[in-house]
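One structure is given here, and the rest of the page talks about it.
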Amino acid sequence: MRLLNDMPDGEFNEGTFELRLPGPGRADDRAQALARLVASGVDKDDPAGEACADSFIAIFSVHLLRKHPSVKDPGPSQFSGGLSPGTWRRVNDFIHSHLGEALSLQRMAAVARLSSSHFARAFRESTGNSPHRYVVACRLARARKLIIDTFMPLAEVAKACGFSSNSHLTATMRQAWGVTPTDLRRQR
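Note that our numbering has the sequence shown beginning at 4, numbered continuously upward.
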């Protein structure tokens, strides 16, 4: 097992990994054949047998790492097709700075310096959500904070967070979280 732990740094240039084996009922025939070779190459009385077994173990290890890897926490820079970290920061800062305004796809795409369609795909790749859903979630989070932390009237909270009216905020919050702004205010 030590050989497996040492191999990602040399063979795959990855420091953290875990082995992801096939699920139940799915066999790796090549791995089984290599395991049989390892077992047959081990002869404690033959010095050449130990070297042979080491070679088979190395081949077996490389096969497992190539066929069943799961690199831990690749980080946002590893995503292909998503927004770069700098572009993501710029867009996210823009969204949070302008939550009280109309945030069209075109405006956000312009901040990212991408076409609207490319931006929408890249945004979804980076966040797992459409730009609209993300903006609504940010607006709801800000509204929640204002409702709990201030005594601002709910109509002003709705306007400050980009909702067209108090009833729009209420309907959106009820649909997303199953509570209303009034419920939140009572809970504080």
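We treat Cβ as the ideally placed atom computed from N, Cα and C, and that holds for glycine.
Can you give the beta carbon distance from residue i to residue j, rounded, assuming they're within the 8 Å contact cut?
i, j, result
"R127", "S133", "6 Å"
"S129", "G89", "With 8 Å as the limit, S129 and G89 do not qualify as a contact, their Cβ atoms being about 12 Å apart."
"N169", "L157", "5 Å"
"A144", "V160", "At roughly 12 Å, the Cβ-Cβ gap does not stay under 8 Å, so A144 and V160 are not in contact."
Measuring only the C-alpha atoms, how far is residue i from residue j?
i, j, result
"W180", "A42", "57 Å"
"A140", "T173", "14 Å"
"R142", "L102", "6 Å"
"A112", "A123", "8 Å"
"V138", "R189", "26 Å"
"L117", "R191", "42 Å"
"R177", "T183", "5 Å"
"A36", "F97", "56 Å"
"K162", "A30", "58 Å"
"Q109", "W91", "16 Å"
"R39", "H99", "59 Å"
"T175", "R33", "54 Å"
"A125", "C164", "25 Å"
"E104", "N95", "14 Å"
When you compare each of the options to residue i by their alpha carbons, which one comes out closest?
i, options, result
"L106", "S87, H135, A34", "H135"
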